[in-house]
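Visitor:
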Amino acid sequence: MLFLPSQVSVRAKVVALALLMAVVLFVVFLALPVTGRVRDSRDLDTIADARVSVECRKTNMIHGSSVLKTLEARTDTAGVFRFGRVDLAPCDFMFVTAAKSGYVMTSSIDTRYDYTDYESIPAEVFLTPVGAIRLQYFEYEYANTKGEITKYSGEPDPAGAYHRVFTGFHCSKRIAQSADEIKYVREAYCERLRKLEAGLSNPQRDQLPSRTRQLCARGGPAGRIDLMEVHEFCGYRSEGQVRSNTALLTDAYHSALRAARGAAKRER
87 MLFLPSQVSV RAKVVALALL MAVVLFVVFL ALPVTGRVRD SRDLDTIADA RVSVECRKTN
147 MIHGSSVLKT LEARTDTAGV FRFGRVDLAP CDFMFVTAAK SGYVMTSSID TRYDYTDYES
207 IPAEVFLTPV GAIRLQYFEY EYANTKGEIT KYSGEPDPAG AYHRVFTGFH CSKRIAQSAD
267 EIKYVREAYC ERLRKLEAGL SNPQRDQLPS RTRQLCARGG PAGRIDLMEV HEFCGYRSEG
327 QVRSNTALLT DAYHSALRAA RGAAKRER
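Sequence positions in the sequence shown follow my numbering and run 87 to 354.
(1) According to DSSP, is G122 part of a helix, a strand, or is it coil?
(2) Taking L154 as part of the beta strand (DSSP E), name the residues at either end of that continuous run.
(3) By Cβ distance, which residues of its chain are closer than 7 Å to V251, with the 5 residues on each side in sequence left out?
(4) What separation, rounded to the nearest whole angstrom, lies between the Cα atoms of A185 and D200?
(5) Assuming A284 is part of the alpha helix (DSSP H), what are its boundary residues?
(6) Taking the alpha carbon of V182 as the point to measure from, which residue in R171, A159, D196 has its own alpha carbon closest?
(7) Cβ of F169 within 9 Å of Cβ of L157?
(8) Could you spell out the range, first to last residue, of the alpha helix (DSSP H) harbouring R250?
(9) Answer yes or no: do R128 and T197 have a C-beta to C-beta separation smaller than 9 Å?
(10) Could you spell out where the alpha helix (DSSP H) holding Y228 opens and where it closes?
(11) Any idea what DSSP makes of C142, helix, strand or coil?
(12) Using CA coordinates, which residue listed in Q222, H149, A136, A218 is at the minimum distance from S187?
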């Protein structure tokens, strides 16, 4: 197929124009910064003047990685930070942290706020006020208690459910200090634990103290499930506790009766 000179000229101009447009778009793309936002994990407000650091790392040919450079930026009044695409281009992956006086990284307390895509800049980074660290941790522990617990057979496991919720309750209660923190633990766990305990059979309830509770996310010694710890903190008595107290009184009555009868026989 033959092309006339005028046709070739038009086609060449179209191709050249397309290439030029591609180059322009690419240059504009490189000029646009990569942005993200820093927020308060408690009220989701943006945080101004936070320092955001990017540790730019390059994968080594044989093993591991090495730091190429560290970039820093400050958030503006809207909590937005910006990094140049050209600056980030050499990075195989990046570790992003944010800091401001009076705050800590939320991901260091609550792994739900962590990010796993280290090849890109996260759209949002969360900080938690120092005064709300324990409340943030309580919410993290509570989130870990959700979901159905089943046996290997696939059937619901009421004792296992109580076990998991008790762990969250114990781990939160042991570090709760302020009135708001203690109130949160009561509201989050007491009624839930009461209902779970009411759904246990007598054998399941009796076996609870023999189960070793899970370790707390923030450390602490291992221990066993203590129903009295729940009852005393929450201010209620379960059916099992009433039965237990009744059994103790009955045993004491029969022991006293036997002792009285024995004493009467000896006197004869």
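No residue lacks a Cβ here, since even glycine has one placed at the ideal position from N, Cα and C. Please read all numbers here as calculations on a predicted model, not as lab measurements.
Guide: Straight from the coordinates:
(1) strand
(2) 151-160
(3) Excluding positions up to five away in sequence, the list reads T231, Y275, R278, L279, L282.
(4) 15 Å
(5) 277-284
(6) A159
(7) yes
(8) 244-259
(9) no
(10) 219-229
(11) strand
(12) A136
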